[in-house]
Amino acid sequence: MDSPSNNSPSITIDAVPVDNTFEYSTPPAQVPVMYDVMETKPLDTDANGLVVGQWKASVFACFVDFVPNCLMAWCCPCVTVAQVAHRLNMFPFLHVLAVWGLVYGLQVIFYFVQIFNLPHFGFVCDGRRCGFLPVGSFAYIFLALACSVVLCIMLTLFRIRFRRAFAIPGSELEDCCCAFWCSCCVHAQMATHASA
698 MDSPSNNSPS
708 ITIDAVPVDN
718 TFEYSTPPAQ
728 VPVMYDVMET
738 KPLDTDANGL
748 VVGQWKASVF
758 ACFVDFVPNC
768 LMAWCCPCVT
778 VAQVAHRLNM
788 FPFLHVLAVW
798 GLVYGLQVIF
808 YFVQIFNLPH
818 FGFVCDGRRC
828 GFLPVGSFAY
838 IFLALACSVV
848 LCIMLTLFRI
858 RFRRAFAIPG
868 SELEDCCCAF
878 WCSCCVHAQM
888 ATHASA
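Below you can see the structure in the form of structure tokens.
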């Protein structure tokens, strides 16, 4: 190839002159690398290697550790809470498992009993009159909802204590909303953060 006469000063060519011709090598093809727009700073950790001052994963990043954290939080949330509490030396594993398992178990039992005991109208003779009267009870619906409220309060209080233990900024309202709207994600977030 003949020597180029009009080279721009910003272009450099890796070439070796041989008899008024230039041999050059083409650089290997470059693969563009995408960098995150936000700069990430190194995460502060405690003596156990757990992140302090911010969440290791956001609430809706529960699929980061799908197995075991997300799957366990979805199928057995009482085991997830017990593992996290035990890992952080907050409560003994079996105590947490027993309390949370009892409330979750009661909730499931009440929901299933309620399904088979739905209030409906049936033909009933009660001695004074016969006719279509309401049969069944709303009691199991209220008991199941009461268990749901208790679980939401327990998870909110646990998340508040967890967040304070790691000096993670946030508010009690945020903890309550997260526990109410997406408890499974909260379980997975805490398990991911605690590496439990």
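So this note's numbering is basically just the index in the sequence shown, starting at one, shifted up by 697.
Idealized CB from N, CA, C, for every residue including glycine.
- Counting the other CB atoms within 10 Å of its CB gives PHE863 a total of 16 or more, which places it among the buried residues.
- ASP872 sits buried, since 16 or more C-beta atoms from the chains shown fall within 10 Å of its C-beta.
- Here DSSP, grouped into helix, strand and coil, assigns VAL756 to coil.
- DSSP places PHE820 within a strand segment (E or B) once states are collapsed to three.
- Excluding five sequence positions before and after LEU799, none of the CB atoms of its chain fall closer than 8 Å to its own CB.
- The C-beta of LEU794 has 16 or more other C-beta atoms within 10 Å across all chains shown, which makes the residue buried.
- A straight-line Cα-Cα distance of about 36 Å links PHE788 and PHE835.
- Rounded to whole angstroms, PRO765 and GLY828 show a C-alpha spacing of 55 Å.
- Listed in chain order, the beta strand (DSSP E) runs fully inside the stretch 789 to 875 are 817 to 822, 827 to 832, counting runs of at least 3 residues.
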